[in-house]
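Asker: Those sequence lines, one after another, are chains L and E.
Mapping of the first sequence onto the working numbering: residues -10 to 481, in sequence order.
Mapping of the second sequence onto the working numbering: residues -10 to 481, in sequence order.
We treat Cβ as the ideally placed atom computed from N, Cα and C, and that holds for glycine.
Since this is a predicted model, take the numbers as computed values, not measurements.
Let me give you the structure first, and then I'll get to my questions.
There are 2 protein chains.
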Amino acid sequence: MSTSASTVRPLAASDVDAFTYETDVLVVGFGCAGAAAALAAEAAGAETVLLERQSGGGGSAALSGGEIYLGGGTAIQQACGFADTAEEMTKFLLAALGPDADAEKIRQYCENSVEHYEWLVAQGVPFKPSLWDSPTWVPPTDDGLMWMGENAHPFCDLATPAPRGHRVTSDGFGGKVLMAVLGDAIASSAVAVHTDTSVRRLIVEGDHVVGVTAGHFGETVTYRARRGVVITTGGFADNTEMVAHHAPQLVGLGVNSDGGDDGRGIRMAQAAGAAIRHMSAGQVGISLIPGMMVRGMIVDELGRRFINEDVYPGLVGQAALFEHGLRVWVILDEQGYDEVPENERWGVAPHFVAETVAELEHEIGMPEGALQNTVAEYNRYAGAGIDPYFHKSARWLRPLRAPFAAIDVRRGIAPPEYGAAGGGGAEVFTLGGVCTTVDGMVLDLDGEAIPGLFAAGRATSGLHSWGYISGTSLGDGTFFGRRAGTAAAERR
Amino acid sequence: MSTSASTVRPLAASDVDAFTYETDVLVVGFGCAGAAAALAAEAAGAETVLLERQSGGGGSAALSGGEIYLGGGTAIQQACGFADTAEEMTKFLLAALGPDADAEKIRQYCENSVEHYEWLVAQGVPFKPSLWDSPTWVPPTDDGLMWMGENAHPFCDLATPAPRGHRVTSDGFGGKVLMAVLGDAIASSAVAVHTDTSVRRLIVEGDHVVGVTAGHFGETVTYRARRGVVITTGGFADNTEMVAHHAPQLVGLGVNSDGGDDGRGIRMAQAAGAAIRHMSAGQVGISLIPGMMVRGMIVDELGRRFINEDVYPGLVGQAALFEHGLRVWVILDEQGYDEVPENERWGVAPHFVAETVAELEHEIGMPEGALQNTVAEYNRYAGAGIDPYFHKSARWLRPLRAPFAAIDVRRGIAPPEYGAAGGGGAEVFTLGGVCTTVDGMVLDLDGEAIPGLFAAGRATSGLHSWGYISGTSLGDGTFFGRRAGTAAAERR
């Protein structure tokens, strides 16, 4: 990490002979946050250049499921018959996004969520007004609305439930559709896009950020930004050293990204004085079919349940990884298996089948008695429709009956389109990053804005801290990307 | 955080009219790391000044139990009949101190552990050659050697067990004795100690750290350090904002420190370019009597065991806090209670007693059946002397029999001397900090040493990453403090 080519130290503007390019606002990274920032900056009247390391836009956003967390009464929610308010949405996100979640960001996000939905629709993002009414990662249909655990324990007791997962209409994952729409909007705008351009260092004048250096097919080019630089370079899940230093539980797992989440934008900002936070936080997608899990149970290596199976599956993934090292199994019976809708099965075959629970626990390698106790206790209460241990909804409770099957979550089961799926086991990304204001201004260790430096998306610590709900990445990136672009454009 | 009085940004030396003091090596903080650094710098021929915010030395080290993790065949180990090697010590620490533990620091530490023991003895630190042979936080006797989990699962299978907790001879906690000895050594040396001196900012010339500014009874004083500044200012457990940003699970708990672990040294170094790591890591001391726990069991709020009770109790504390939110109970029977040595009881009274497990779980408020299943399963195997779930040693296994008692760990039970004890529940400290070389040189985001800046102790990410074993704080602080002081003194 010590060669001058790899240094992230800011370069003094006085050391730049002549800038290759000049613009008002420079946006670094063409994912959803960068696209939103560039569109907003240009709409605010700023000459805008958007830089992208790869040969085209999309970023990790294009690979995502395409859920955007929106609420407070969007047209889609209304069409599906749900009343919702910004207040209830705020309560849910404060509870779901973890300790030290940014209350001011959440407040702004929820109060302006309907407006943001309408902005997305105005860009051309399609949403279908129909609900998928069962826990899932992404609906196997083209349904446009889904629950993100709002109706499950403990959230159903903390805020009035309403489904807020707005899934971009798509054949399969919706992220590619979202980025195609935003890409078209960029193409129709006056924003200049420079691809194959890999930003290396910030350029500073005293404490002010005034540009960047970048590599472009082996050449070094320099950009001067008269009003501001907006970093939207993504997280650091692809940087194994950063992950080891900050997020130990993500080490060695598959990564959910476009391969460019190398953390360089975060480190460049840090070298210019930026503070970071929530760096140990991460989200994990694990290979399981929520429709199977919810009809059976998920257990750890000692055969013990650890969460209500009807909650948003991302929370199951976090618990499985952070508390049980991913050594978890989905247990279900024949009736449960048969009840899973055909389009939700993805051709999964159980790894173990057995006529009795005793045989099943032996096959898996659990201590004798471990799973037998769990199933007996589950069944004893499920007959009465209650789950005093984890509070799964009565809708999903009934005694499990032989024969039984077990699915080893670490082996991976879903088709390539479903990410972790392809590789097997789990795929992760990071949630920590630089500290920013609600207008995307990057804060230093004194809590002061660094003049000229803005950021949005996964390079920042955004809406979430240690908690995570799908849709808050695309939501956070586009919403705060817009604000950062606007704030940079308005800076003089 | 925005007033100039609170800024941690480095001050340019050109903005200092005249330095109040000049020296070769400046050490900031008079805990164990600072004392060791100052003694080493002075021994290496450097004029040395040691700054301390409080009116006297001691730091958090003076409040500690006084265990120092040492091995490889110390005189104390030999006198107690234990053979040990640096290799086995290295294996244990690599396993115990967590993922991304600094292998080179551990190697240096273990290979030089006997030399470090002898240096401590040469300073006058007393150790008694007798073993306390049962899991404990600190021996209730004056025994000088103790197990730190080396003989418990999983460590006993990973490295040849030898006890390596060297406890400074003392009436009660030994940290005060250690710091009295090191304080006497400082007083007998040529090191100048400036107390009531609170360091505010680093002073830099270009990239070089050349001094500090400090407050002293309302005045601002400046120090020039010709060779180096060594930061030994402790962790950040007392800084609620830093804890919220980096270590969410420590939020709101009692703190084990002298009140000065405000993280300012870490932030000052960051503002000068230092990289940080392992910031979410923390250690927790919880209010339980290991001698009771090991003779019974520890369970979570669903009545389930989660660890072998014979391991080092700090690991029980980490599992209780990080995986079970401290909602844990010690369960034991009358025979177990009676068998706990009188001097290990600290007058504890159970919070719940009952004739049956069913009554006990009802009293505690667990789901009906939860604890009954656990005790039945424990007893079924304990009769055969095995624990297939958590591998507690046969030495501590036997079926539990009515009547039963439960101790609510969150209520706090131990006497004031035992920290958490006084307040009840738990006391924590942080393990993350700035990145350093084995010679205490502070590294920037490029992995390059920042010229003139050194650090040791809890301001750094030291031997540990996310794992922790008692004795590695005083051990790390004094060992790497010495190395940092020497390296600073030898810098030209």
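Starting from the C-beta of E36 of chain E, find all residues in its chain whose C-beta is less than 6 Å away, skip the five residues before and the five after it, and write them out in chain order.
Answerer: Taken in chain order, the residues that qualify are T12, D13.
Asker: Considering only DSSP beta bridges, list what E11 of chain L is partnered with.
Answerer: Partner(s): L:R213.
Asker: Ends of the alpha helix (DSSP H) at I175 of chain L?
Answerer: First-last of the alpha helix (DSSP H) with I175 of chain L: 164 to 177.
Asker: In three-state DSSP terms, what is M286 of chain L?
Answerer: Correct three-state label for M286 of chain L: strand.
Asker: Can you give me the Cβ contacts of H453 of chain E inside the same chain, cut-off strictly under 8 Å, excluding the 5 residues immediately before and after it?
Answerer: Taken in chain order, the residues that qualify are L86, G87, A90, H267, A270, L420, T461, D465.
Asker: Run the CB neighbour count on E56 of chain L, radius 10 Å, all protein chains shown included, and call it buried at 16 or more, exposed below.
Answerer: Counting Cβ neighbours within 10 Å, E56 of chain L comes out buried, since at least 16 surround it.
Asker: So is the beta-carbon of A174 of chain E under 6 Å away from any non-hydrogen atom of the ligand FMN?
Answerer: With respect to the ligand FMN, the structure offers nothing, as it holds no ligand at all.
Asker: Give the straight-line distance between the Cα atoms of E333 of chain E and W126 of chain E, rounded to the nearest whole angstrom.
Answerer: Cα to Cα, E333 of chain E sits roughly 10 Å from W126 of chain E.
Asker: In its own chain, which residues sit with a C-beta less than 7 Å from the C-beta of P330 of chain E, not counting the 5 before and 5 after it?
Answerer: G280.
Asker: Could you tell me which chain E residues have their CB closer than 8 Å to the CB of W455 of chain L, listed as they occur along the chain?
Answerer: Within chain E, the residues near W455 of chain L are P237.
Asker: So with CB distances below 8 Å, who are the chain E contacts of N362 of chain L?
Answerer: Result: N362, E366.
Asker: Residues of chain L with CB closer than 7 Å to the CB of V(-3) of chain E, please, in chain order.
Answerer: Correct list: L434, D435.
Asker: Q259 of chain L versus chain E: which residues are under 7 Å apart at the beta carbon?
Answerer: Here the neighbours are L434.
Asker: Can you grab the Cα-Cα spacing for the pair V17 of chain E / G34 of chain L, in whole Å?
Answerer: Near 51 Å, if we compare the C-alpha coordinates of G34 of chain L and V17 of chain E.
Asker: If you check the beta carbons only, do A371 of chain L and P388 of chain L fall under 7 Å apart?
Answerer: Yes, Cβ-Cβ distance for A371 of chain L and P388 of chain L is below 7 Å.
Asker: How would you label I287 of chain E, buried or exposed, when you count the other beta carbons within 10 angstroms and need 16 or more for buried?
Answerer: Classification for I287 of chain E: buried.
Asker: Less than 8 Å between C-beta atoms, sequence neighbours within five positions excluded: which residues of the same chain meet that for A226 of chain E?
Answerer: Cβ neighbours of A226 of chain E beyond the five flanking positions: V232, L239, V244, N245, S246, D250, G271, V417, F418, T419.
Asker: State buried or exposed for D376 of chain L, treating a residue as buried only when at least 16 other CB atoms are found within 10 Å of its CB.
Answerer: That one is buried.
Asker: Whose C-alpha, out of L:A478, L:G474, L:R481, is nearest the C-alpha of A26 of chain L?
Answerer: A26 of chain L has its Cα closest to that of L:G474, out of L:A478, L:G474, L:R481.
Asker: Is it true that the CB of G161 of chain L sits closer than 7 Å to the CB of V103 of chain L?
Answerer: Cβ atoms of V103 of chain L and G161 of chain L: not closer than 7 Å.
Asker: Go ahead and label A176 of chain E buried or exposed: buried means 16 or more other beta carbons lie within 10 angstroms of its beta carbon, across all protein chains shown.
Answerer: With fewer than 16 other Cβ atoms within 10 Å, it is exposed.
Asker: Under the three-state reduction of DSSP, which class applies to T221 of chain E: helix, strand or coil?
Answerer: It is coil, neither helix nor strand.
Asker: What does the alpha-carbon distance come out to for the pair R294 of chain L and A258 of chain L?
Answerer: Each residue's alpha carbon lies about 42 Å from the other.
Asker: Taking the continuous alpha helix (DSSP H) assigned at P302 of chain L, which residues delimit it?
Answerer: Per DSSP, P302 of chain L belongs to the alpha helix (DSSP H) from 302 to 313.
Asker: Could you tell me the distance, in whole angstroms, from the CA atom of R(-2) of chain E to the CA atom of L191 of chain E?
Answerer: In a straight line, the C-alpha of R(-2) of chain E is about 7 Å away from that of L191 of chain E.
Asker: Does the beta carbon of Y106 of chain L sit closer than 7 Å to a beta carbon anywhere in chain E?
Answerer: No, its Cβ sits nowhere closer than 7 Å to a Cβ of chain E.
Asker: Assuming E352 of chain L is part of the alpha helix (DSSP H), what are its boundary residues?
Answerer: Its alpha helix (DSSP H) spans residues 346 to 353.
Asker: Taking A233 of chain L as the query, report the chain E residues whose CB atoms sit under 9 Å from its CB, ordered along the chain.
Answerer: Simply P88, D89, R266, S454.
Asker: From the DSSP output, which residues share a beta bridge with I275 of chain L?
Answerer: The partner list for I275 of chain L (beta bridge, DSSP) reads L:A415.
Asker: Is G60 of chain L close to chain E? Criterion is C-beta to C-beta, closer than 7 Å.
Answerer: No, G60 of chain L does not count as interfacial toward chain E.
Asker: Considering only their Cβ atoms, is the gap separating A394 of chain E from G422 of chain E smaller than 7 Å?
Answerer: Cβ distance not < 7 Å, so G422 of chain E and A394 of chain E don't count as in contact.
Asker: Y367 of chain L lies in the alpha helix (DSSP H); which residues open and close that run?
Answerer: 359 to 371 is the span of the alpha helix (DSSP H), which, as asked, contains Y367 of chain L.
Asker: Drop a sphere of 10 angstroms on the beta-carbon of S159 of chain E, count the other beta-carbons inside from all chains shown, and report buried for 16 or more, exposed for fewer.
Answerer: Buried, by the Cβ-count rule.
Asker: Which class does P440 of chain L belong to by DSSP, given the choice of helix, strand or coil?
Answerer: Strand.
Asker: Identify which residue in E:A383, E:G292, E:A478 has its Cα closest to the Cα of G374 of chain E.
Answerer: Cα-wise, what sits closest to G374 of chain E is E:A383.
Asker: Can you grab the Cα-Cα spacing for the pair V38 of chain E / V431 of chain E, in whole Å?
Answerer: The alpha-carbon atoms of V38 of chain E and V431 of chain E are separated by roughly 20 Å.
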